[in-house]
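Undergrad: Residue numbers (my numbering), protein chains in the order written: chain A, 1 to 275; chain B, 1 to 153. Note that beta-carbon positions come from the ideal geometry of N, C-alpha and C, so glycine has one too. Have a look at this one.
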């Protein structure tokens, strides 16, 4: 059977489980049905019936369990409706779409991941993939910036990563509280303290565009090639298949040419205000 | 046994100073240890010292009446604590609290300012190291102020 129907017509899938992550973010585990698992960095279009669709990144590498995992921040009517779903509810899913993280290029190299806020969700499958096949990759350094300690995602999993010898995981927050004993400050401050060989490193970053730009500029100053720095872009999407032009970004379509791009390909576009 | 000049040259912040410059700067340096909870700097107090952090983490805080202390930034090994020593009127603009046991190279700011006045080349060499830190921290503070991870971001 062609993959076309699952790309253009939503497949009704049941929510198997939900995990509240923060006050406004939830992780949904869905049955996968006819939807292919997707690669790290790809996304599905999720459709709470009657409200509209939202492009949501795959947030776990759970293909073996034949489940789809998405982490949603409820900021608009559609995403809020998705975040409010409960086990047993049904929503429509199309996908997977887009170009994911460069996992093949990352093999054998040091990997630097920089996530900001909900941007950890699209990068989590990269961490899962590396940990599952640990010997195939070099060092894994993860820098995670969150607004406050309470607004961190995947808190139980973070504790495991922080304690693991398989990766170097550090969190920083913009604003701590009385119980926070971790780092406070912008994520580039952590990055500046990290030691790695820029020529043998590949970087992937996801978060607000201004953060990704600051991260990419910092890595460029450290000597990394723009082609070795990858950013995940976000725009409102409609068809998700490069047909409607909703997510057009200069000459590119975020949905089909991205959402993951080498920084060298879009660095100039990221500074054009009219796009 | 290593001399103070040799030791401070191992710190990333001063790593590329010349040997002669390190000797001069080391004359104003000593080792310092701060136990957890100790305040290393206090807002408004004379900036009589700055520190190169060797071990441990420091919380840079600001105190607001009725809100208490707010952590603006944390610093760790390899980083510099205290930038006000080089800018008149030489008063600390924030508190700095040891989050755990902290070991530093502590520099007598009055001593170093005098040496910089007498030797502008040394002063310029130090300025070239401090100004980028100032700019990086200002840029980071601007981005933090955007609240970019908030719901409206």
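For residue 247 of chain A and residue 60 of chain A, I'd like the C-alpha separation in whole angstroms.
TA: Their backbone Cα atoms lie some 24 Å apart in a straight line.
Undergrad: Tell me whether residue 232 of chain A sits in a helix, a strand or coil according to DSSP, three-state version.
TA: Strand, per DSSP.
Undergrad: Quick one: what's got a C-beta closer than 7 Å to residue 119 of chain A's C-beta in the same chain, skipping five residues either side?
TA: The answer, listed in chain order, is 206, 207.
Undergrad: What whole-angstrom Cβ distance do residue 111 of chain A and residue 140 of chain A have, given they're in contact under 8 Å?
TA: Contact holds; Cβ gap of about 5 Å.
Undergrad: Below 7 Å CB to CB, which residues in the same chain sit around residue 1 of chain A once its five sequence neighbours on both sides are set aside?
TA: Low confidence applies to residue 1 of chain A: its pLDDT is 44, below 50, so where it sits in the model is not reliable enough to give any reading.
Undergrad: Report the residues of the segment 167-180 of chain A with a CB closer than 7 Å to any CB of chain B, ordered along the chain.
TA: Listed by position along the chain: 174, 176.
Undergrad: Pick from B:42, B:46, B:55: whose alpha carbon is nearest that of residue 35 of chain B?
TA: Among B:42, B:46, B:55, the Cα nearest to that of residue 35 of chain B belongs to B:55.
Undergrad: Does the beta carbon of residue 154 of chain B sit closer than 7 Å to a beta carbon anywhere in chain A?
TA: Here chain B has residues from 1 to 153 only, and residue 154 of chain B is not among them.
Undergrad: Classify residue 58 of chain A as buried or exposed, calling it buried when 16 or more other Cβ atoms lie within 10 Å of its own Cβ.
TA: Classification for residue 58 of chain A: buried.
Undergrad: By DSSP, does residue 212 of chain A sit in helix, in strand, or in coil?
TA: Residue 212 of chain A falls in the helix class under three-state DSSP.
Undergrad: Would you kindly report the start and end of the unbroken beta strand (DSSP E) that includes residue 110 of chain A?
TA: Start and end: 110-116.
Undergrad: Grouping DSSP H, G and I as helix and E and B as strand, with all else coil, what is residue 24 of chain B?
TA: Three-state result, residue 24 of chain B: helix.
Undergrad: With a CB to CB cut of under 8 Å and the five nearest residues on each side skipped, what residues in its chain are close to residue 89 of chain A?
TA: Result list for residue 89 of chain A: 14, 15, in chain order.
Undergrad: Rounding to the nearest angstrom, what Cα-Cα distance links residue 266 of chain A and residue 73 of chain B in this structure?
TA: Rounded to whole angstroms, residue 266 of chain A to residue 73 of chain B spans 31 Å at the Cα level.
Undergrad: Given residue 197 of chain A, which residues of its chain have a CB within under 6 Å of its CB, disregarding the five upstream and five downstream residues?
TA: Here the set comprises nothing.
Undergrad: Once you ignore the five residues that flank residue 146 of chain A on each side, which residues in its own chain have a CB closer than 7 Å to its CB?
TA: Counting only Cβ-Cβ distances below 7 Å, and skipping sequence neighbours, we find 117, 152, 171, 173.
Undergrad: Starting from residue 138 of chain B and walking both ways along the alpha helix (DSSP H), at which residues does that stretch end?
TA: First-last of the alpha helix (DSSP H) with residue 138 of chain B: 120-145.
Undergrad: Could you tell me the distance, in whole angstroms, from the CA atom of residue 200 of chain A to the CA atom of residue 103 of chain A?
TA: Cα to Cα, the separation comes out at about 14 Å.
Undergrad: Residues of chain B with a CB under 9 Å from the CB of residue 117 of chain A: which are they?
TA: Near residue 117 of chain A (Cβ distances below 9 Å), the residues of chain B are 148, 149, 150, 153.
Undergrad: Quick one: complete beta strand (DSSP E) runs, 3+ long, within the segment 25-87 of chain A?
TA: The qualifying runs are 25-31, 43-47, 54-57, 67-73.
Undergrad: From which residue to which residue does the alpha helix (DSSP H) around residue 263 of chain A run?
TA: Element bounds for residue 263 of chain A: 263-266.
Undergrad: Checking contacts by CB at 7 Å: is residue 77 of chain A closer than that to chain B?
TA: Not one chain B Cβ lies under 7 Å of residue 77 of chain A.
Undergrad: Name the two residues that bound the continuous beta strand (DSSP E) containing residue 41 of chain B.
TA: Per DSSP, residue 41 of chain B belongs to the beta strand (DSSP E) from 39-41.
Undergrad: Whole angstroms are fine: how far does the CA of residue 96 of chain A sit from the CA of residue 149 of chain A?
TA: So the alpha carbons of these two residues sit roughly 32 Å apart.
Undergrad: So residue 99 of chain B contacts chain A; which residues on that side make the cut at Cβ distance below 8 Å?
TA: Those are 181, listed as they occur along chain A.
Undergrad: Which two residues bound the contiguous alpha helix (DSSP H) that contains residue 255 of chain A?
TA: First-last of the alpha helix (DSSP H) with residue 255 of chain A: 254-257.
Undergrad: Compare the C-beta of residue 72 of chain A against all C-beta atoms of chain B and say whether one is closer than 7 Å.
TA: Answer no: the Cβ-Cβ gap between residue 72 of chain A and chain B never drops below 7 Å.
Undergrad: Have a look at residue 40 of chain A and residue 91 of chain A and give me their C-alpha separation to the nearest angstrom.
TA: Cα-Cα distance, rounded: 22 Å.
Undergrad: Tell me residue 62 of chain B's beta-bridge partners as DSSP assigns them.
TA: Answer by DSSP bridge pairing, in chain order: B:70.
Undergrad: Among B:61, B:16, B:109, whose alpha-carbon lies nearest the alpha-carbon of residue 95 of chain B?
TA: Closest by alpha carbon: B:61.
Undergrad: What residue range is occupied by the uninterrupted alpha helix (DSSP H) comprising residue 246 of chain A?
TA: Per DSSP, residue 246 of chain A belongs to no alpha helix (DSSP H) and is neither H nor E.
Undergrad: Decide if the segment 219-239 of chain A is in contact with the segment 102-116 of chain B; the criterion is three or more beta carbon pairs, one per stretch, under 8 Å apart.
TA: Short answer: they don't touch.
Undergrad: Can you give me the Cβ contacts of residue 259 of chain A inside the same chain, cut-off strictly under 6 Å, excluding the 5 residues immediately before and after it?
TA: Only 98, 232, 233 meet the Cβ criterion.
Undergrad: Which chain A residues are close to residue 71 of chain B, counting only those with a beta carbon under 8 Å from its beta carbon?
TA: Those are 175, 176, 180, 184, listed as they occur along chain A.
Undergrad: Using a Cβ cut-off of 7 Å, pull out every chain A residue sitting near residue 140 of chain B, in sequence order please.
TA: Those within 7 Å of residue 140 of chain B in chain A are 185, 186, 188, 189.
Undergrad: Give the list of continuous alpha helix (DSSP H) stretches no shorter than 4 residues that lie fully inside the segment 98-182 of chain A.
TA: For the segment 98-182 of chain A, whole alpha helix (DSSP H) runs of length 4 or above, ordered along the chain, are 103-106, 120-132, 155-163.
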